[in-house]
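Undergrad: Can you read through this structure? Questions will come right after.
Protein chains: 4
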Amino acid sequence: MKSAVKRIGVLTSGGDAPGMNAAIRSVVRASMHMGIECLGIRRGFNGLITGDITSMDFVQTSGLIGRGGTVLYTARSEEFKTDEGRKKAANTCKLFGLEGIVGIGGDGTYRGLLEFSNQEGVAVVGVPGTIDNDIACTEYTIGYDTACNTALEAIDRLKDTMQSHERCSVVEVMGRHAGHLALYVGVACGATAVLIPEKKIDFERDVVEPIRAARLAGRTHFMVIVAEGVGSSYDVAAKIKEYTGLDPRVTVLGHVQRGGSPSARDRMEATYMGYNAVELLAQGKTNRVVAMQKGAYVDYDINEALAMKKGIDERVYTVLRALIGAEDKLNI
Amino acid sequence: MKSAVKRIGVLTSGGDAPGMNAAIRSVVRASMHMGIECLGIRRGFNGLITGDITSMDFVQTSGLIGRGGTVLYTARSEEFKTDEGRKKAANTCKLFGLEGIVGIGGDGTYRGLLEFSNQEGVAVVGVPGTIDNDIACTEYTIGYDTACNTALEAIDRLKDTMQSHERCSVVEVMGRHAGHLALYVGVACGATAVLIPEKKIDFERDVVEPIRAARLAGRTHFMVIVAEGVGSSYDVAAKIKEYTGLDPRVTVLGHVQRGGSPSARDRMEATYMGYNAVELLAQGKTNRVVAMQKGAYVDYDINEALAMKKGIDERVYTVLRALIGAEDKLNI
Amino acid sequence: MKSAVKRIGVLTSGGDAPGMNAAIRSVVRASMHMGIECLGIRRGFNGLITGDITSMDFVQTSGLIGRGGTVLYTARSEEFKTDEGRKKAANTCKLFGLEGIVGIGGDGTYRGLLEFSNQEGVAVVGVPGTIDNDIACTEYTIGYDTACNTALEAIDRLKDTMQSHERCSVVEVMGRHAGHLALYVGVACGATAVLIPEKKIDFERDVVEPIRAARLAGRTHFMVIVAEGVGSSYDVAAKIKEYTGLDPRVTVLGHVQRGGSPSARDRMEATYMGYNAVELLAQGKTNRVVAMQKGAYVDYDINEALAMKKGIDERVYTVLRALIGAEDKLNI
Amino acid sequence: MKSAVKRIGVLTSGGDAPGMNAAIRSVVRASMHMGIECLGIRRGFNGLITGDITSMDFVQTSGLIGRGGTVLYTARSEEFKTDEGRKKAANTCKLFGLEGIVGIGGDGTYRGLLEFSNQEGVAVVGVPGTIDNDIACTEYTIGYDTACNTALEAIDRLKDTMQSHERCSVVEVMGRHAGHLALYVGVACGATAVLIPEKKIDFERDVVEPIRAARLAGRTHFMVIVAEGVGSSYDVAAKIKEYTGLDPRVTVLGHVQRGGSPSARDRMEATYMGYNAVELLAQGKTNRVVAMQKGAYVDYDINEALAMKKGIDERVYTVLRALIGAEDKLNI
């Protein structure tokens with residue numbers, strides 16, 4: 001196959017996620033395999049504006065698959081949202097001979113790519129990379145699995161000490177607009193309650209009753225998971241104290257969830273998706289985003305992708321509540 | 001909903017896998033939720049024969065979601081393969097009032113369940129639990145993700161020391177009949193070569209050439225992953241020495257891959273699948289196995305499931321080779 | 001050797017620490033070895049007051065060595081600080097035939113043991129268990145090593161994302177009165193600055209200058225470690241912003257540092273110290289605390305131990321600062 | 001203080017160990033702090049012979065503290081054992097202006113440094129780096145703590161699956177001439193038996209009896225730790241089968257124990273010892289090795305250090321056996 005592009009660039013944009021380096025490695029090596037030269041653009045779209053660009057080859061990408069963070073750095077760019085900023089970026093592309101851009105990030109990254117492509121005619125493909133798993137067009141985003149496991153490991157440690165002291169723990173996990181991470185982690189740690197922004201919260205039903213039921217069944221420590229977007233986890237703790245007499249300890253896991261060596265799954269997804277992104281550019285396609293649907297790798301038009309909606313898995317929520325409240329039926 | 005069964009048993013059979021305890025917890029708690037009593041059968045089908053049965057409740061399953069191994073123990077049972085053995089097991093069911101059995105394990109477990117159901121009329125549902133991901137009817141088996149990450153972590157450590165000494169490493173991972181684990185881990189660690197039983201091996205093409213190409217590109221250490229079923233990894237190492245002059249070190253990861261606290265994914269899949277299994281029994285169904293297809297949870301007739309075939313993901317194999325041999329195209 | 005006591009009790013008191021379970025196991029098994037019966041007292045001194053006591057044997061302590069938290073639970077007891085409370089506890093000892101008590105905890109635990117022994121004549125030995133390593137008479141306290149590694153692992157993750165975004169990170173680690181943990185972790189993560197309560201802080205010299213020096217040397221991300229006792233880490237972050245223009249992210253590691261499976265070192269120290277504690281009771285000694293001095297296991301009178309003072313390792317502080325400011329000398 | 005040397009080199013030699021990179025970083029930065037320039041010598045003494053030398057600065061050593069392996073590579077050098085080889089190395093030192101060498105490794109490294117210094121008059125200081133902790137003059141060697149924890153983590157996983165299957169496990173850990181690692185790990189995992197080269201083995205007393213005692217006390221799975229130097233762990237397994245009827249599984253942990261990000265302790269010791277080594281050179285000293293004795297950092301003449309003897313901690317061995325055989329006294 002003859003590639004439609006000769007030289008492309010790869011960048012990471014928005015919040016970083018474990019596996020971004022694995023995706024960069026895959027994009028660079030897939031390019032080499034398809035006879036394309038691939039340059040690294042640093043600091044997201046800013047690097048495209050300022051010409052902050054570096055060469056990438058086989059040895060430079062050696063060992064990259066297992067490293068957290070992104071060696072290309074990432075940043076948000078206000079200037080790229082302006083026509084003028086994008087004009088500068090187009091000049092950089094001309095200067096460096098870049099005919100295509102692979103952008104690894106979230107919805108904001110896709111919007112940037114799309115406007116750039118529409119205005120300046122450079123081919124673009126997006127790759128989903130965010131720990132929040134909140135991109136509508138895809139079932140999976142790079143970084144999600146590692147973040148879930150990192151949060152889970154911290155919560156498992158907390159459980160040890162909560163159990164020793166017979167306490168309640170309120171843990172805030174990342175997710176400003178989406179509760180995927182909180183819900184997944186909540187199921188995985190056997191939480192007594194999980195609060196997410198997608199669900200209107202009835203405090204009595206969603207927090208107090210499960211705690212009471214678990215207490216009645218003989219449990220003496222309780223784990224409550226709160227997604228960042230729900231509001232202050234300190235308020236949640238205060239309310240638990242008011243309703244139950246327990247004196248919960250609050251832990252905000254924070255940016256720790258964004259780091260660490262990527263899990264096997266994140267490395268695999270990043271490798272696969274990075275490869276697919278380059279293939280699309282090689283085939284002369286543009287304005288696409290690679291994604292996973294029904295467990296398979298697909299791609300969408302960016303416009304189409306941005307118009308999609310994604311909810312939480314309702315069945316997971318149901319299963320979670322069933323297993324928490326299990327004692328309702330038999331023991332009482 | 002009124003459940004079709006009042007009392008069931010849960011057992012783990014065959015090789016153990018991380019997440020089996022999470023599945024047991026889910027089966028017990030889902031039962032409670034649906035008004036069913038669930039007993040624990042110990043040591044696989046042997047416990048059904050000997051009446052080695054224990055009660056399970058909310059507090060006993062508390063904390064179980066994060067523990068490796070299986071608290072119900074597991075074993076293979078020769079006696080259960082005989083009519084007589086299954087007769088004894090049927091008596092135990094009568095004695096304890098067990099109307100249904102959830103069996104967590106692999107194909108051998110399903111066959112045992114099926115023959116028991118056909119001969120003795122007890123309702124049965126299988127749940128896929130094995131680190132090998134080699135059950136044909138399902139895209140995912142409980143334990144696979146943890147095993148991949150455990151193997152990967154060990155290999156990442158090996159890479160450190162191989163890099164210091166500029167050596168080649170041959171790592172044997174589990175998989176007597178299937179190379180899923182080896183292939184997944186091989187992609188995730190950036191292996192130079194991966195040997196699996198599903199692929200006829202051309203040693204020159206599959207091992208020697210990738211090593212030569214990587215060497216030419218400046219690499220000084222090499223990782224070769226071998227699935228158990230391919231044959232002796234010591235023979236592979238000897239052949240590498242003969243062809244390349246390198247003096248590889250062999251590591252057999254062994255049973256370590258079977259243990260450890262389950263990953264977030266294994267806990268989620270185990271929780272989901274355990275719940276679904278009980279739901280099937282509650283609905284009066286039998287001879288079913290829960291599974292994942294196209295990223296969604298489904299269930300199959302056991303006969304149908306056992307007749308299915310499953311190959312490795314050819315695209316993964318292609319991507320792996322492309323990224324390894326990337327330098328062929330540009331650098332040489 | 002004939003033991004001076006026939007039956008003893010073991011309890012954990014104060015904040016929990018990884019390795020407390022390993023110490024409990026060692027106390028129980030060492031007792032069995034020396035022909036002593038050992039009972040478990042639950043919820044610290046409260047269990048002694050209320051008779052919340054459980055038997056402990058070989059199988060019950062099997063697997064305990066690797067589990068975080070304390071299976072005997074821990075609590076602070078206000079009642080035990082009163083004569084009346086201790087009277088009740090003495091009655092419990094009479095009732096259960098307890099001639100000696102091993103108390104695992106910190107200075108508060110030792111004080112409780114001492115007053116109890118002095119007032120009621122029960123033999124007592126203390127074992128140092130706290131993640132803070134702030135017990136004056138001993139170089140090492142059970143839980144310290146695990147806590148250091150847990151904090152370090154979290155900080156390593158943070159470094160990944162701080163590096164991607166070229167940010168400054170302020171991390172608050174435990175240590176209300178002591179900076180041992182902060183200093184150790186600060187050296188181990190290569191922190192740019194470490195703030196501890198033992199050192200009067202000159203913000204310019206201790207924080208601003210190291211950041212400026214590292215910046216000048218080409219560094220773009222910075223890690224500042226703050227011990228809990230220094231004050232609000234949010235204030236530290238605000239001050240860094242004011243002085244350097246950087247916009248630091250704050251992470252409070254919190255109770256996560258208290259949990260998790262104990263490290264090899266904590267298991268070893270716990271095993272050793274637990275054994276030594278029982279040996280002292282068997283030899284008819286009382287009012288002792290086991291400890292480590294100059295790398296060797298010793299024991300002290302509790303009064304003597306409580307009168308000791310312990311500072312931070314000044315040499316560590318010097319080395320830390322030397323390595324941070326290394327560029328001063330050559331590069332500038 | 002005015003340094004006695006202006007330019008020095010640092011190298012790693014022999015088997016690699018986690019923390020070697022932390023030691024390199026410390027040597028480089030301590031040098032900068034003391035006004036000394038420090039170059040990196042690659043591939044051990046070979047790099048000194050061939051002039052395989054690289055510059056090292058603040059940014060190059062940034063992040064190094066947490067990385068496994070050694071960025072300077074390591075190797076054994078036959079040529080350096082000859083007068084001629086050392087002559088070449090002395091020429092390299094003249095060419096690059098190297099007045100001192102810090103060598104990180106074991107006894108073999110020290111011997112090489114000593115002969116080089118004696119013959120060619122270059123100042124030398126040794127730093128103990130090996131996972132085996134088998135250097136006589138020091139209580140601690142860099143890499144030991146990480147190796148213990150890595151082995152322990154693998155064994156904890158094995159315990160999960162051994163428990164599920166009620167099996168015996170024989171685990172071979174590193175240590176060709178020394179059983180420190182095996183003994184430490186054996187205590188930390190709660191092994192039923194530990195075989196080390198320092199102790200003459202009475203199979204009945206040391207393996208069979210503890211297994212029988214544990215069995216009698218109700219235990220159904222057993223962990224036997226064997227140091228590499230004892231002989232084939234497969235033979236040990238065969239003998240266990242013969243004597244007890246159990247069918248043990250063998251796991252050889254191998255080179256995995258040498259890799260991985262160093263633990264907090266190894267980073268601290270490496271930082272401290274690296275700093276001390278440079279200080280000795282700056283003070284005009286030579287033929288020294290830094291070490292830990294009685295928990296404090298000291299240094300010795302290399303000749304003196306090589307003449308020392310080091311046994312295992314007999315008390316640890318006694319405690320281990322006491323806790324294993326605990327049930328002898330009470331239960332039987």
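If you read the protein sequences in the order shown, they are chains G, C, B and D.
So for the first sequence, the UniProt record's numbering puts the first residue at 1; every next one is plus one.
So for the second sequence, the UniProt record's numbering puts the first residue at 1; every next one is plus one.
So for the third sequence, the UniProt record's numbering puts the first residue at 1; every next one is plus one.
So for the fourth sequence, the UniProt record's numbering puts the first residue at 1; every next one is plus one.
Here a beta-carbon is modelled for each residue, glycine too, at the ideal position from N, C-alpha and C.
Every value quoted in this text rests on a predicted model; they were computed, and no experiment measured them.
Work out the CA separation of T146(B) and G129(B) for me, nearest whole Å.
TA: Using only the alpha carbons, I get a separation of about 12 Å.
Undergrad: Answer yes or no: do D134(G) and H165(G) have a C-beta to C-beta separation smaller than 8 Å?
TA: No; because the gap between Cβ atoms is not below 8 Å, this pair is not in contact.
Undergrad: What is the C-beta distance between V194(G) and L320(G), in whole angstroms, given that I count them as a contact (C-beta under 8 Å)?
TA: Going by Cβ atoms, the distance from V194(G) to L320(G) rounds to 6 Å, so yes, they are a contact pair.
Undergrad: If you reduce the DSSP assignment to three classes, tell me which class L39(G) lands in.
TA: Strand, per DSSP.
Undergrad: Could you tell me the boundaries of the alpha helix (DSSP H) in which A154(B) lies?
TA: From DSSP, the alpha helix (DSSP H) with A154(B) extends over 144 to 165.
Undergrad: Fully enclosed by the stretch 185 to 271 of chain C, which beta strand (DSSP E) runs are 3 residues long or longer?
TA: Whole beta strand (DSSP E) segments, 3+ residues: 193 to 195, 222 to 227, 249 to 252.
Undergrad: By alpha-carbon positions, which one of V226(G), A282(G), Y144(G) ends up nearest to I101(G)?
TA: Taking only the C-alpha atoms, the option nearest I101(G) is A282(G).
Undergrad: Residues in its own chain within less than 7 Å of R86(G) by CB, not counting five upstream and five downstream?
TA: For R86(G), where only same-chain residues beyond five positions count, the Cβ hits under 7 Å are F80, E115, F116, Q119, E120.
Undergrad: Give the residues of chain D in contact with T74(C), contact being defined as C-beta atoms less than 7 Å apart.
TA: Simply S164, H165.
Undergrad: Which same chain residues end up closer than 6 Å to S77(B) when comparing Cβ atoms and leaving out the 5 residues on each side of it in sequence?
TA: Result list for S77(B): G44, F45, N46, in chain order.
Undergrad: For the beta strand (DSSP E) containing E172(C), list its first residue and its last residue.
TA: Residues 168 to 173.
Undergrad: Taking all protein chains shown into account, decide if residue 333(D) is buried (16 or more other Cβ within 10 angstroms of its Cβ) or exposed.
TA: Past the boundaries of the shown model lies residue 333(D); chain D is included only from 1 to 332, so the question cannot be answered.
Undergrad: Does any residue of chain C bring its CB to less than 8 Å from the CB of V252(D)?
TA: Judged by the 8 Å Cβ criterion, V252(D) is in contact with chain C.
Undergrad: A17(D): which of T251(D), V236(D), D299(D), Y140(D) sits nearest, CA to CA?
TA: Looking at the Cα atoms, Y140(D) is the closest of the given residues.
Undergrad: Does the beta-carbon of H177(D) have 16 or more other beta-carbons within 10 angstroms, so that it is buried, or is it exposed?
TA: That one is exposed.
Undergrad: Run through chain G and tell me which residues come within less than 7 Å of D16(B), C-beta to C-beta.
TA: Near D16(B) (Cβ distances below 7 Å), the residues of chain G are T161, S164, H165.
Undergrad: For a contact defined as C-beta to C-beta under 8 Å, what are the partners of A154(B) on chain G?
TA: Within 8 Å Cβ-Cβ: A154, V256.
Undergrad: Could you tell me which chain G residues have their CB closer than 7 Å to the CB of V319(C), listed as they occur along the chain?
TA: Residues of chain G passing the Cβ test: T271, Y272, Y275.
Undergrad: Under the DSSP definition of a beta bridge, which residues are partnered with D52(C)?
TA: According to DSSP, which records beta bridges pairwise, D52(C) is partnered with nothing at all.
Undergrad: 8 Å is my cut-off, CB to CB: does A217(D) come that close to chain B?
TA: It does; some Cβ of chain B falls within 8 Å.
Undergrad: Could you check whether G103(D) and L11(D) sit closer than 8 Å to each other, using their CB atoms as the reference points?
TA: Yes, the pair counts as a contact, with Cβ atoms nearer than the cut-off.
Undergrad: Taking the beta carbon of N303(D) as the centre, do at least 16 other beta carbons fall within 10 Å, making it buried, or is it exposed?
TA: By the neighbour-count rule (16 or more Cβ atoms within 10 Å), N303(D) is not buried but exposed.
Undergrad: Taking CB distances under 8 Å as the criterion, tell me whether G284(D) reaches chain C.
TA: Output row for G284(D): interface = no.
Undergrad: Could you please tell me which residues of the stretch 18 to 35 of chain B, in chain order, have their CB closer than 7 Å to any CB of chain D?
TA: Flagged, chain order: S26, R29, A30, M32, H33, G35.
Undergrad: Cα separation between S13(D) and K88(G)?
TA: So the two alpha carbons sit approximately 51 Å from each other.
Undergrad: Considering only DSSP beta bridges, list what D29(G) is partnered with.
TA: The question names Asp, yet the displayed sequence has Arg at residue 29(G). R29(G) pairs with nothing; no bridge assigned.
Undergrad: If you draw a straight line from the alpha carbon of K329(G) to that of M34(C), how long is it in whole angstroms?
TA: At K329(G), the pLDDT of 41 sits below 50, so the modelled position is not reliable; the number obtained from the coordinates is stated separately. Each residue's alpha carbon lies about 7 Å from the other.
Undergrad: Can you give the Cα-Cα distance for S62(G) and E209(C), rounded to whole angstroms?
TA: Using only the alpha carbons, I get a separation of about 18 Å.
Undergrad: Figure out for me which residue from A30(G), G259(G), T138(G) has the closest Cα to the Cα of R67(G).
TA: Considering only alpha carbons, the answer is G259(G).
Undergrad: How would you label residue 336(G), buried or exposed, when you count the other beta carbons within 10 angstroms and need 16 or more for buried?
TA: Chain G is shown from 1 up to 332; residue 336(G) falls before or after that span and cannot be answered.
Undergrad: Does I65(B) get closer than 8 Å to chain D when you measure Cβ to Cβ?
TA: Yes, its Cβ sits closer than 8 Å to a Cβ of chain D.
Undergrad: Under a Cβ-count criterion, where at least 16 other Cβ atoms within 10 Å of its own Cβ denotes burial, should D266(C) be classed as buried or exposed?
TA: With 16 or more other Cβ atoms within 10 Å, it is buried.
Undergrad: Suppose contacts are defined by Cβ-Cβ distances below 8 Å. Is T251(G) in contact with H255(B) by that definition?
TA: Their beta carbons are under 8 Å apart, which means T251(G) touches H255(B) by this criterion.
Undergrad: Between which two residues does the alpha helix (DSSP H) holding T318(D) run?
TA: Its alpha helix (DSSP H) spans residues 314 to 324.
Undergrad: Could you run through the stretch 120 to 148 of chain D and flag, in chain order, every residue whose CB is less than 8 Å away from some CB of chain C?
TA: Of all residues in the stretch 120 to 148 of chain D, none has a Cβ within less than 8 Å of some Cβ in chain C.
Undergrad: Using the three-state DSSP reduction, which class does L11(B) fall into: helix, strand or coil?
TA: Here L11(B) sits in strand by DSSP.
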